[in-house]
Amino acid sequence: MVKGEKILAPVRRALNTIEKHRESIESRWISGHSNARIEALNGIFQAAKARARGFRQDETFISMIYLLASPVQDILKST
Numbered sequence: 012m013v014k015g016e017k018i019l020a021p022v023r024r025a026l027n028t029i030e031k032h033r034e035s036i037e038s039r040w041i042s043g044h045s046n047a048r049i050e051a052l053n054g055i056f057q058a059a060k061a062r063a064r065g066f067r068q069d070e071t072f073i074s075m076i077y078l079l080a081s082p083v084q085d086i087l088k089s090t
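Here our numbering = 1-based position in the sequence shown + 11.
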């Protein structure tokens with residue numbers, strides 16, 4: 012046994028994980044896709060949730076999402 016083998020166990024585990032998912036990792040880098048749009052939507056949902064706090068109806072939450080995500084500010088600037 013090599014001295015410090017316990018220290019190398021996490022590294023070995025990480026390498027095994029990378030090797031296990033190698034094809035998925037490579038295809039992700041080749042495709043160029045990311046989860047940026049989903050993260051942006053999540054940010055809108057979180058902002059709507061914070062602003063709709065205290066309201067009891069789901070319609071209020073949905074309306075807040077539409078107000079935050081719609082280009083209303085751009086439309087108002089153009090008039």
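From the three backbone atoms N, C-alpha and C, an ideal C-beta is built for every residue, glycine too.
Should M12 go down as buried or exposed, given a rule of 16 or more other Cβ atoms within 10 Å for buried?
-> The predicted model places M12 with a pLDDT of 45, which falls under 50 and marks its position as unreliable; any figure quoted below should be read in that light. Label assigned to M12: exposed.
Just how far apart, CA to CA, sit K95 and A80?
-> No answer is possible for residue 95: it lies beyond the span of the chain, which begins at 12 and ends at 90.
Determine the burial state of A51: buried for a count of at least 16 other Cβ atoms within 10 Å of its Cβ, exposed for fewer.
-> By the neighbour-count rule (16 or more Cβ atoms within 10 Å), A51 is not buried but exposed.
Can you tell me whether DSSP reads P82 as helix, strand or coil?
-> P82 falls in the coil class under three-state DSSP.
Contact belief for F56 with I76 at Cβ below 8 Å, rounded distance in angstroms | About 6 Å separates the two Cβ atoms, so the contact holds.
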